[in-house]
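Worksheet: one structure, shown below.
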Amino acid sequence: MGLQGKAAIVGIAQYRPEKYQTAPRMFHLEQVADLARQALLDAGLEASDIDGLCVNGPHFHEASSFVPAMVGEYLGTALNFGEVVDLGGASGVAMAWRAAAAIELGLCRAVLCVIPQRMAPMGPDEDPMAMARAMRYGGHSTAFGAPEAEFDLPYGHMAQNTGYAMIAQRYKARYGYDEAAMAKIVVDQRTNACANPDAMFYGKPLSIDDVLASRMVADPLRVLEIVMPVAGGAAFIVADADLARRGRHRPAWVKGFGEHIISKSPTYAPDMLDTPIGPASRRAFAMAGITPADIDVAQLYDCYTITVLLSLEDAGFAKKGEGMAFVREHDLTYKGDFPLNTHGGQLGFGQAGSAGGMSQLIEAVEQLRGSCGERQLSRCDKAFVSGTGGVMSEQAALILMGE
Amino acid sequence: MANKPQPVATDISRPYWDALKARRIELQQCDACGRWNFFPRRHCPHCLSDRLAWREVSGRGKLLTYTIARIPTLPDFADEAPQKLAVVELAEGVHLNTTLVGLDEDEIQIGMAVRPVFDASGDTPLLRFTGENKALTVIKRAADDTPEVASPAKAKRQIHFKDFESLKALVSDDYSGWSNTYTVGQELIDQFAALSGDDYWIHTDPERARKQGPFGGTIAHGMLIQVLLSRLTMPLDWELTGFGNMANYGSNKLRFPSPVPAGSRIHGRARVKAVDEVKAGTQLTLEMCVHVVGQERPALINELIVLYML
Chain D
1 MGLQGKAAIV
11 GIAQYRPEKY
21 QTAPRMFHLE
31 QVADLARQAL
41 LDAGLEASDI
51 DGLCVNGPHF
61 HEASSFVPAM
71 VGEYLGTALN
81 FGEVVDLGGA
91 SGVAMAWRAA
101 AAIELGLCRA
111 VLCVIPQRMA
121 PMGPDEDPMA
131 MARAMRYGGH
141 STAFGAPEAE
151 FDLPYGHMAQ
161 NTGYAMIAQR
171 YKARYGYDEA
181 AMAKIVVDQR
191 TNACANPDAM
201 FYGKPLSIDD
211 VLASRMVADP
221 LRVLEIVMPV
231 AGGAAFIVAD
241 ADLARRGRHR
251 PAWVKGFGEH
261 IISKSPTYAP
271 DMLDTPIGPA
281 SRRAFAMAGI
291 TPADIDVAQL
301 YDCYTITVLL
311 SLEDAGFAKK
321 GEGMAFVREH
331 DLTYKGDFPL
341 NTHGGQLGFG
351 QAGSAGGMSQ
361 LIEAVEQLRG
371 SCGERQLSRC
381 DKAFVSGTGG
391 VMSEQAALIL
401 MGE
Chain Y
1 MANKPQPVAT
11 DISRPYWDAL
21 KARRIELQQC
31 DACGRWNFFP
41 RRHCPHCLSD
51 RLAWREVSGR
61 GKLLTYTIAR
71 IPTLPDFADE
81 APQKLAVVEL
91 AEGVHLNTTL
101 VGLDEDEIQI
111 GMAVRPVFDA
121 SGDTPLLRFT
131 GENKALTVIK
141 RAADDTPEVA
151 SPAKAKRQIH
161 FKDFESLKAL
171 VSDDYSGWSN
181 TYTVGQELID
191 QFAALSGDDY
201 WIHTDPERAR
211 KQGPFGGTIA
221 HGMLIQVLLS
231 RLTMPLDWEL
241 TGFGNMANYG
251 SNKLRFPSPV
261 PAGSRIHGRA
271 RVKAVDEVKA
281 GTQLTLEMCV
291 HVVGQERPAL
301 INELIVLYML
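As they're listed, the protein sequences go chains D and Y.
Quick note on full-length UniProt numbering: the first sequence kicks off at 1 and runs consecutively.
Quick note on full-length UniProt numbering: the second sequence kicks off at 1 and runs consecutively.
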């Protein structure tokens, strides 16, 4: 069951993360076209090669419905496959397998996957408060009849910090907790960011003491264990074997994937410590016919340190309950024995909304290509990428290989 | 506080809220598979049967997890800071989001037995939880404002208004303690709107402000908070003597860094920023800060200049 591994990521593009206040404002359609052009140049393909599209639906500025048709029209591209992906930070990984599946089914030859994440220009009649209003409740629905509007928000349960904090607290009660090990995740990733000139925190190394001295936001999570939101955006192109072999770079073949969704809020999950990346990654490894021990680089979604810890365990890199020991015993930097989030992770690179998860995938492609410069691994043929949306609501796993 | 998100009952959930109002807890149980369900639905999340019946439960359970939010999850929750957000597993096996009350931070332990507390202090009753052995069962309407700051045990230090050496020693980066609190209700805001003529909807139209405003409801005029400084007694441990006359000379700086939602309780604190000898006498620059109770970011900063003359 699953993919044959006959589709590959052949082109990538990513805006450098920037502060929202100083980043250029561009329409989302404009960003899509700009990122598509860059990804096509990177791949060595023509615009006419694109015949499939995966794009974010929520937060797309110029439309809230009929997004693929509007984007296709803007690009001047007819599509055999038009897909909106609404899986938060898991969207990038989720797009990759959808695109690969569409290609293996013979629907498409090249699928553009794209998430624009710079702000759009303000319209003359636009209400400047609309943004503040939209931000007030984060990812929560306030619609009449939405369970979270009725049963979560009135108690102050909202946004992501406290949900992830409560998962971490439960972990602490069940397995114990080593805050220095959690801080080491941030520190090792920051070392990686310091070898990535595009990273938001390039040139800003950190110590474990720095992390432990940073402000407590929601016990046990400190501010340096939480991603910084940035403006950005990213795209990649998945193509069939024929186009992939004609491309400019070593293709990153999509060999395995998995996706799993349990509940919107971890409160309503049967066991909030049994995260969706478990079933998703087991499926991905089985499909690719490899095990976690075969992986050369792990690009684990890192909105918070606890997400990395649970993904290390549930994806099978560390035993359940032993993730902290694993972190203590391994060097997680690009120089180390378990290279993790070599671009700095989103904790070191910055989180460009739902495009943040694409940064993990794009780094995996670059490591497979050998184009990472200072932080390039000496050998990289197999990469594992995870994506996480909401509060551990939905997770997806992807296995990319150089051959 | 008035702008906290409020639950809006639906036809599906109404029995739950009606029961809470009567200080009872009712949950749905599936008559097809026997399992319990939360939050209320039309169909059982275990077997999708629509044969769900409302039944009263004890509300006893255990603490599944919690966190202490050191930064309010929304400014409107500043009065609860730090918020003790929790997930409780009831004896029936369902999980629900809530907050812990009547427990100190060091009394909270995951797995501890908890009991329901009916919170009737807001517009809609909410279900909170406390430790099994605590006496708290009901929270009534919030207590009134603290009328005055208790007068300090020792008498205020008297400083002559020409004693510059002692006055200069008052200059500090540290603030005084907090003043009394004062509630900025919608009625007060409406009165200020009528008085000042500033009746912009973000201050006076709760319905529109809830739907269109960025703060989930109405907010006080910045200038109203400025005026309310007179209602706040800062607990300064000194006072000036020997002058014949004092005057409010104005302000070097006036800022409104964060909003005061209608219904908020405010309090203030002060520090001496500068002492200057001027022709007319002595000029004291006081930095007055007003905060919504529990909020770190001030709602008002006023560098007030007071002139003391013979």
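Cβ coordinates follow ideal geometry from the N, Cα and C atoms, glycine included.
Small disclaimer: the values here were computed from a predicted structure and weren't measured.
Between the beta-carbon of residue 297/D and that of residue 339/D there is about 5 angstroms, and that keeps the pair under the 8 angstroms contact cut. Of all residues in the region 147-162 of chain D, those with a C-beta nearer than 8 angstroms to a C-beta of chain Y are 147, 149, 150, 151, 152, 153, 154, 155, 156, 157, 158, 159, 161 and 162, reading in chain order.
Annotation: Cβ neighbours of residue 74/Y in chain D (cutoff 9 angstroms, chain order): 136, 137, 153, 156, 158 and 159. Under the DSSP assignment, residue 356/D falls in the alpha helix (DSSP H) whose first and last residues are 356-369.
For residue 39/D, there is no enclosing beta strand (DSSP E); the enclosing alpha helix (DSSP H) covers residues 28-43. Sequence-distant partners of residue 330/D (beyond 5 residues in either direction) whose C-beta falls short of 7 angstroms from its own C-beta, in its chain, are 336, 337 and 338. Under the DSSP assignment, residue 84/Y falls in the beta strand (DSSP E) whose first and last residues are 83-90. Counting only residues of its own chain and dropping the five nearest sequence neighbours on each side, residue 214/D has a CB closer than 6 angstroms to the CB of 222, 223 and 224. Between residue 84/D and residue 398/D, the beta carbon gap of about 19 angstroms keeps them out of contact (Cβ cut-off 8 angstroms). Chain order gives no chain Y residues near residue 369/D, where near means a beta carbon separation below 7 angstroms; the closest approach is about 41 angstroms.
In the displayed model, residue 168/Y falls within a helix according to three-state DSSP. Going by beta carbons, residue 52/Y and residue 30/Y fall inside the 7 angstroms limit. In this structure, DSSP gives residue 161/D a helical state, which the three-state scheme calls helix. Per the coordinates, the alpha-carbon of residue 355/D lies some 46 angstroms from the alpha-carbon of residue 141/Y. The secondary-structure analysis by DSSP pairs residue 400/D across a beta bridge with 254/D and 383/D. Look at the region 54-75 of chain Y: the residues with a C-beta under 8 angstroms from a C-beta of chain D are 64, 65, 66, 67, 68, 69, 70, 71, 72, 73 and 74. Against chain D, the beta carbon of residue 126/Y has neighbours under 8 angstroms at 154 and 155, listed in chain order. The criterion of a C-beta distance shorter than 7 angstroms is satisfied by residue 78/Y and residue 294/Y. Listed by position along chain D, the residues whose Cβ is nearer than 9 angstroms to that of residue 221/Y form an empty set, because the closest Cβ is around 17 angstroms away. At a beta-carbon threshold of 7 angstroms, the residues of chain Y lying near residue 145/D are 10, ordered along the chain.
Legend: CB atoms of the region 257-276 of chain Y lying less than 7 angstroms from CB atoms of chain D are not found in any residue. Taking 7 angstroms as the cut-off, the Cβ atoms of residue 26/D and residue 54/D do not count as close. Judged by pairs of C-beta atoms under 8 angstroms, the region 101-116 of chain Y touches the region 51-65 of chain Y, as three or more such pairs exist.
Around residue 358/D, no beta-carbon contact reaches into chain Y at under 9 angstroms, the shortest distance being about 28 angstroms.
With its beta carbon less than 7 angstroms from one in chain D, residue 85/Y belongs to the interface. Nearest CB-CB separation between residue 267/D and chain Y: below the 7 angstroms threshold. According to the DSSP assignment, residue 393/D belongs to no beta strand (DSSP E), since it is labelled neither H nor E.
When 9 angstroms is used as the limit between beta carbons, residue 49/Y is near no residue of chain D, the shortest such separation being about 19 angstroms.
Proximity of residue 133/D to chain Y, defined by a Cβ-Cβ separation below 7 angstroms, is satisfied.
With contacts defined as CB atoms closer than 7 angstroms, residue 288/Y and residue 307/Y fail to qualify as a contacting pair. Near chain Y, meaning a CB-to-CB distance below 7 angstroms, no residue of the region 3-27 of chain D qualifies. Excluding five sequence positions before and after residue 247/D, the CB atoms of its chain that fall closer than 6 angstroms to its own CB belong to 10, 43 and 44, given in chain order.
Assignment of residue 67/Y by DSSP, reduced to helix, strand and coil, places it in the strand class.
Residue-level contact by beta carbon holds for residue 97/Y and chain D, with a gap shorter than 7 angstroms. Between residue 216/Y and residue 3/Y, the C-beta spacing is below 7 angstroms.
Here the region 141-154 of chain D lies against the region 3-17 of chain Y, with 3 or more beta-carbon pairs under 8 angstroms apart.
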